[in-house]
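Structure, as structure tokens:
Protein chains: 6
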Amino acid sequence: MNDTRRIDGRTNDELRPVTIERGWSDQAEGSALISYGRTKVLCTASFTNGVPRWMSGKGKGWVTAEYSMLPRSTNSRMDRESVKGKVGGRTHEISRLVGRSLRAVVDMKALGENTIVLDCDVLQADGGTRTAAITGAYVALADALAWGREKKFIAQKAQPLTDSVSAVSVGIINGVPMLDLAYTEDVRADTDMNVVVTGRGKFVEVQGTAEAAPFDRSELDTLLDLALGGAITLTDFQNRALEG
Amino acid sequence: MNDTRRIDGRTNDELRPVTIERGWSDQAEGSALISYGRTKVLCTASFTNGVPRWMSGKGKGWVTAEYSMLPRSTNSRMDRESVKGKVGGRTHEISRLVGRSLRAVVDMKALGENTIVLDCDVLQADGGTRTAAITGAYVALADALAWGREKKFIAQKAQPLTDSVSAVSVGIINGVPMLDLAYTEDVRADTDMNVVVTGRGKFVEVQGTAEAAPFDRSELDTLLDLALGGAITLTDFQNRALEG
Amino acid sequence: MNDTRRIDGRTNDELRPVTIERGWSDQAEGSALISYGRTKVLCTASFTNGVPRWMSGKGKGWVTAEYSMLPRSTNSRMDRESVKGKVGGRTHEISRLVGRSLRAVVDMKALGENTIVLDCDVLQADGGTRTAAITGAYVALADALAWGREKKFIAQKAQPLTDSVSAVSVGIINGVPMLDLAYTEDVRADTDMNVVVTGRGKFVEVQGTAEAAPFDRSELDTLLDLALGGAITLTDFQNRALEG
Amino acid sequence: MNDTRRIDGRTNDELRPVTIERGWSDQAEGSALISYGRTKVLCTASFTNGVPRWMSGKGKGWVTAEYSMLPRSTNSRMDRESVKGKVGGRTHEISRLVGRSLRAVVDMKALGENTIVLDCDVLQADGGTRTAAITGAYVALADALAWGREKKFIAQKAQPLTDSVSAVSVGIINGVPMLDLAYTEDVRADTDMNVVVTGRGKFVEVQGTAEAAPFDRSELDTLLDLALGGAITLTDFQNRALEG
Amino acid sequence: MNDTRRIDGRTNDELRPVTIERGWSDQAEGSALISYGRTKVLCTASFTNGVPRWMSGKGKGWVTAEYSMLPRSTNSRMDRESVKGKVGGRTHEISRLVGRSLRAVVDMKALGENTIVLDCDVLQADGGTRTAAITGAYVALADALAWGREKKFIAQKAQPLTDSVSAVSVGIINGVPMLDLAYTEDVRADTDMNVVVTGRGKFVEVQGTAEAAPFDRSELDTLLDLALGGAITLTDFQNRALEG
Amino acid sequence: MNDTRRIDGRTNDELRPVTIERGWSDQAEGSALISYGRTKVLCTASFTNGVPRWMSGKGKGWVTAEYSMLPRSTNSRMDRESVKGKVGGRTHEISRLVGRSLRAVVDMKALGENTIVLDCDVLQADGGTRTAAITGAYVALADALAWGREKKFIAQKAQPLTDSVSAVSVGIINGVPMLDLAYTEDVRADTDMNVVVTGRGKFVEVQGTAEAAPFDRSELDTLLDLALGGAITLTDFQNRALEG
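The following block contains the structure:
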């Protein structure tokens with residue numbers, strides 16, 4: 001790795017400033033306003049007693065997620081998907097990623113026949129919105145589960161959370177692997193990877209993409225090292241928010 | 001009027017606490033995060049040099065608005081309109097109201113061939129979201145116009161703003177007219193009226209609806225008095241935010 | 001007010017010729033083809049025993065409305081909303097207005113678990129289509145209620161209609177308030193207001209809009225006077241149609 | 001054939017009463033309100049100078065059609081296709097049939113670069129709506145062409161109409177071939193055929209369908225005889241309307 | 001008729017080479033990959049025990065069909081209807097035709113409360129895709145019925161198939177009637193007719209269309225003769241495929 | 001690893017039988033019908049001279065892809081996305097993956113202002129459809145590029161292809177890593193990974209997902225080894241198909 005600083009002065013293995021404002025919403029059963037630098041995502045968890053009809057009677061719960069960007073969260077305004085009348089491919093893809101990531105740390109039997117919907121709405125976007133969404137959604141989820149237990153929708157002895165989960169992006173820019181890309185870095189990256197990791201350091205998702213230049217095995221190894229390092233810090237932020 | 005206090009201790013002619021966080025967004029040309037009590041609306045103004053093709057060549061600008069609610073801004077989660085694949089009637093109706101209200105204080109000739117889109121996204125809803133959206137959108141609009149002038153898209157001598165504009169709801173609950181209804185008041189109202197007023201005290205919109213009980217001329221007069229009173233206070237908040 | 005006649009020779013407080021052809025449809029439980037001058041709206045009322053599932057078991061009925069314009073009801077052809085694949089904002093807004101207006105004079109308990117859908121299809125448009133729709137829909141509604149009683153879906157002693165309802169537009173053109181604007185007047189109006197009034201002279205809806213020039217309190221008062229006057233005449237037309 | 005009269009007293013080769021109210025619309029360039037018994041269809045022709053971009057520069061015109069039913073044109077109310085967000089298969093199929101049928105009697109070169117849209121909206125349905133639509137649309141089309149010539153959009157010597165066109169349904173009920181089926185007959189028919197015929201007696205469309213019982217060659221021959229007979233009468237009605 | 005050979009060397013009453021690959025799919029209860037010359041259609045029959053709720057309890061089954069073209073089945077690529085967000089008129093029309101044609105040879109009482117969906121996907125298109133779809137779908141249907149009997153969803157003595165069914169196109173090109181038009185012939189045809197015929201030689205559908213030139217009774221007769229001749233050969237192909 | 005054979009007798013590092021039928025379509029500029037065991041995907045490449053308007057004038061080309069499944073490609077019939085009126089999340093996600101994978105081996109400058117659309121339609125599905133689609137689409141792409149060169153839309157010296165590309169799935173079942181999962185294996189996998197690799201052995205995409213059980217670094221390493229091994233064989237199949 002070269003030793004030049006990044007555009008915002010960070011080292012290559014440094015996260016942007018992270019803040020988690022737990023309980024931002026007065027309405028939702030769990031919520032967090034998370035920021036990774038200028039990226040801000042409002043995550044809410046909606047707890048419903050019961051499951052969709054097709055799942056009913058199996059003694060298991062369901063966790064799903066929806067991701068969306070406000071039209072002017074970005075540098076130039078995007079058309080609303082509601083106005084276009086359809087959800088775009090990128091939105092679909094990220095919603096599915098967030099849902100799978102959270103389900104990976106939930107024991108659906110322990111959840112019981114309850115449904116949790118995680119809404120991740122990007123209020124401001126500067127790269128890494130999907131990873132911030134996952135990290136913030138975990139905090140909202142944890143609070144919604146606590147709410148469900150308090151309301152006795154979840155059995156007292158049940159432990160629906162099997163681990164915590166966070167996510168971060170990594171990428172290779174001009175041959176240099178870096179952690180937590182801001183938007184200006186992201187657009188210049190040869191390879192871009194989103195990594196979802198549990199609190200115990202296991203992988204939930206590894207999504208690496210090389211539009212500009214295919215990457216080899218050793219580059220992949222370096223990226224995974226960076227991501228695992230970032231995940232330790234993010235897990236720490238989550239734990240402090242949930243203790244606060 | 002009776003003299004009992006309201007559920008939140010306000011008098012009948014009292015607004016909820018109002019805050020306007022101007023410049024909330026780093027991305028938009030103008031923005032404001034406005035709150036009327038627990039109701040919070042993020043308003044952004046997107047300035048584009050040029051107008052839609054069908055308006056081109058007439059030397060006039062265009063101002064339009066889109067209103068939307070986050071799925072869990074409300075007490076129970078609503079489905080996203082993007083997922084349902086269509087914009088609902090209420091959303092359409094409010095988007096149109098916000099756009100008309102702002103256009104009422106813009107001189108389109110002075111704006112020149114520029115377009116401003118106002119996005120009003122309700123982050124938390126507790127009644128009065130459409131009126132908060134109008135009041136906040138005015139602040140975002142004013143900043144976007146200042147930006148356009150600075151960038152020389154608007155002529156130096158042009159005065160696109162002809163007045164300011166704010167909005168507030170009024171209603172009759174158990175026969176008592178009240179200002180700025182919170183959600184729990186709104187659902188119990190016999191008559192509900194949204195009033196949009198300029199800084200000089202003229203009406204832009206008067207939208208009164210009586211599903212539960214038709215209202216007579218004197219009730220209408222009382223409601224208009226309350227609304228005009230509220231508008232004076234709101235105009236003051238706007239002016240202070242824009243001076244800040 | 002100035003004393004010059006209007007483009008079609010009317011005085012400022014004069015309605016266009018109104019006709020109501022009751023029972024136009026052989027199929028619907030109630031129907032009326034109403035005209036306000038060249039504006040023609042076919043209103044049908046469809047009576048169904050039962051209510052949507054979400055309302056079931058509460059002993060109350062439901063009244064709703066849909067408004068639409070034929071593609072060539074207007075001077076230049078509009079695309080069909082069915083072909084565009086979505087209902088436009090204006091259509092949504094008017095459908096909701098018509099529904100609310102009619103519900104304001106129906107006692108849902110007295111209606112019992114029955115549903116009435118009012119379809120208002122504009123066959124020819126020359127201004128005031130939404131107000132004609134409301135006035136005509138009342139006639140169709142009254143006949144559908146009579147049909148429901150005859151078929152014993154409504155209890156013999158029940159009085160679902162609490163009042164009658166009609167609507168008319170008023171506006172200010174070149175500073176002059178006028179009643180029942182034709183299309184050529186409507187497009188030149190500084191302020192345009194639709195007023196829905198019960199047979200007893202109470203307001204159900206007051207929707208005033210000032211895109212061109214905000215209006216003051218005394219202008220508003222004059223407009224309301226004109227509307228109340230027009231409503232008396234319209235109520236008379238409705239009563240005669242229903243007696244005929 | 002048996003000699004018993006039909007439910008409405010007609011003989012098997014008799015049309016229902018036909019009326020054509022030419023020029024019903026004040027707005028369209030051509031229009032006709034046609035009735036076949038209780039079936040009523042409002043046909044308008046919208047003339048536009050110019051053609052869609054993909055046809056431009058070829059010196060040829062375009063004629064197209066859209067068919068639709070009002071929601072309560074039928075015995076029980078249908079949902080609106082605009083509300084459902086898509087045009088149904090039957091509507092599509094009939095719109096295409098009407099368009100093809102009218103194009104069959106138009107010389108597109110003689111029409112020049114002009115577009116005519118025929119809107120056929122069923123106000124009341126009692127069987128045979130598509131055939132009434134074609135017969136009525138021809139009258140609207142003829143008037144729109146006359147309008148185009150008067151406005152000099154069509155060359156003075158050009159003869160865009162090569163023939164007239166009308167349509168009628170025929171069917172076999174309990175083994176008996178019959179002309180112009182009313183709805184109660186149509187639902188009982190073994191075979192149902194719509195036949196579009198020019199004024200000179202040639203076929204434009206023959207669409208025979210046998211859901212209940214396949215038909216043989218001699219039955220087909222009898223049906224075609226009935227249809228050709230009906231077409232002569234319908235052509236006569238069209239000619240009289242256009243002379244009137 | 002003239003005696004010149006066609007572009008591909010066929011005589012006017014000659015079909016293109018027909019192949020039927022029965023049981024192409026490992027997944028469906030019945031399937032056939034059929035080709036009429038270069039036209040290739042994959043037909044699958046999906047058997048479900050039970051019927052849609054609105055048909056339930058009547059002791060009758062349901063057969064329906066969906067037709068679709070792959071985007072590059074044609075000479076230039078078409079947009080996918082899924083991406084456009086709606087099914088086009090032509091697709092709707094053909095799906096309905098295929099469904100009606102197959103239902104004409106099924107005794108719904110004998111089928112019992114079972115549903116069969118026929119999917120006809122055009123892999124390569126060179127004219128006559130809808131007729132090939134019908135002919136191939138019959139083979140898939142026959143196998144799905146055999147499967148249903150084997151699984152005891154259909155009573156052992158029941159005979160759901162009342163006949164076989166096949167389809168072929170005929171048309172008039174430069175005044176010459178021809179059988180089974182390839183695409184290059186189809187686009188030049190004055191009249192184009194699709195004829196659906198049972199194995200016993202009765203008509204199920206006759207759909208003749210004359211955009212370019214209306215046709216007379218004797219031309220119609222010749223076309224029907226050609227179609228009946230082609231149907232005999234197609235029935236033979238079906239029988240051999242089902243025996244194989 | 002345990003040494004028991006898989007359900008179909010393969011070893012853990014063994015691909016299913018692969019066949020590539022190059023030039024399956026008579027219509028497309030490039031095509032391949034590829035099978036991985038019972039999974040069959042028809043891949044076509046449509047070459048268009050020119051690029052979408054927003055890319056025009058930059059001297060660069062564009063490659064995109066659409067993936068879809070026939071409704072009865074699977075064990076139980078799925079509804080068509082065209083009928084549902086929207087493209088599902090999974091379809092969107094895979095279409096984007098296929099497009100990115102192919103773009104990774106195309107030099108857009110060398111392609112010049114030409115567009116290639118890859119359509120991958122799954123005719124039969126038994127696991128691994130997205131990976132088969134990528135491997136087959138490469139063959140179709142190579143032929144379309146050769147066609148473009150022959151037609152002189154691509155410069156003679158230009159080398160648009162920078163490498164070849166193939167894809168394969170790997171997964172962990174009961175703790176055992178395996179190559180190229182069939183459907184019955186896929187549904188039982190704890191971790192499922194799709195890996196896209198160039199002919200030179202570099203990664204284009206690594207997409208690993210752990211819904212059932214998070215995976216550690218050494219498991220990830222084993223999966224990548226299996227995938228790289230499979231890619232060598234697949235590259236060989238591609239080369240032989242293109243030489244054939």
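Chains as they are written, first to last, in the UniProt record's numbering: chain A, 1 to 244; chain B, 1 to 244; chain C, 1 to 244; chain D, 1 to 244; chain E, 1 to 244; chain F, 1 to 244.
Beta carbons are placed, not taken as given, at the ideal position from N, Cα and C, and that holds for glycine.
Measuring straight from C-alpha to C-alpha, what distance separates residue i and residue j?
i                     : j                     : result
residue 46 (chain E)  : residue 30 (chain E)  : 7 Å
residue 111 (chain B) : residue 178 (chain B) : 37 Å
residue 38 (chain E)  : residue 126 (chain E) : 6 Å
residue 167 (chain C) : residue 99 (chain C)  : 13 Å
residue 192 (chain E) : residue 116 (chain D) : 25 Å
residue 2 (chain E)   : residue 14 (chain E)  : Here the model assigns residue 2 (chain E) a pLDDT of 49, short of 50, so the residue's position is not dependable, and the following value carries that caveat. Straight-line Cα distance between these residues: approximately 14 Å.
residue 50 (chain F)  : residue 236 (chain B) : 57 Å
residue 97 (chain E)  : residue 91 (chain E)  : 10 Å
Should residue i go down as buried or exposed, given a rule of 16 or more other Cβ atoms within 10 Å for buried?
i                     : result
residue 11 (chain C)  : exposed
residue 240 (chain E) : exposed
residue 155 (chain C) : exposed
residue 54 (chain B)  : exposed
residue 184 (chain D) : exposed
residue 232 (chain A) : exposed
residue 93 (chain C)  : buried
residue 95 (chain A)  : buried
residue 150 (chain B) : exposed
I'd like to know whether the C-beta atoms of residue i and residue j end up nearer to each other than 8 Å.
i                     : j                     : result
residue 247 (chain F) : residue 228 (chain F) : Past the edges of chain F, shown from 1 to 244, lies residue 247 (chain F), and the structure says nothing about it.
residue 180 (chain F) : residue 72 (chain F)  : no
residue 76 (chain C)  : residue 204 (chain C) : no
residue 41 (chain A)  : residue 143 (chain A) : no
residue 222 (chain F) : residue 169 (chain F) : no
residue 275 (chain C) : residue 137 (chain C) : In the structure as shown, chain C starts at 1 and stops at 244, and residue 275 (chain C) therefore has no counterpart that could be examined.
residue 135 (chain C) : residue 234 (chain C) : yes
Run through the DSSP bridge pairs and tell me what residue i is partnered with.
i                     : result
residue 118 (chain C) : C:45 and C:65
residue 251 (chain F) : Missing from the structure shown is residue 251 (chain F); chain F here goes from 1 to 244 and no further.
residue 134 (chain A) : None, per the DSSP bridge assignment.
residue 20 (chain A)  : A:34
residue 173 (chain F) : F:176
residue 40 (chain A)  : A:35 and A:124
Give every residue of the same chain whose Cβ lies closer than 6 Å to the Cβ of residue i, excluding the five residues on either side of it in the sequence, and list them in chain order.
i                     : result
residue 163 (chain A) : 105, 198, 199 and 200
residue 208 (chain C) : 193
residue 206 (chain B) : 195
Short of 8 Å in beta carbon distance, which residues of its chain neighbour residue i, apart from the five on each side in sequence? Order them along the chain.
i                     : result
residue 140 (chain F) : 28, 30, 31, 32, 43, 44, 45 and 118
Spatial neighbours of residue i within its chain, please: CB distance less than 7 Å, with the 5 preceding and 5 following residues excluded, ordered by chain position.
i                     : result
residue 182 (chain B) : 8, 16, 37, 126 and 127
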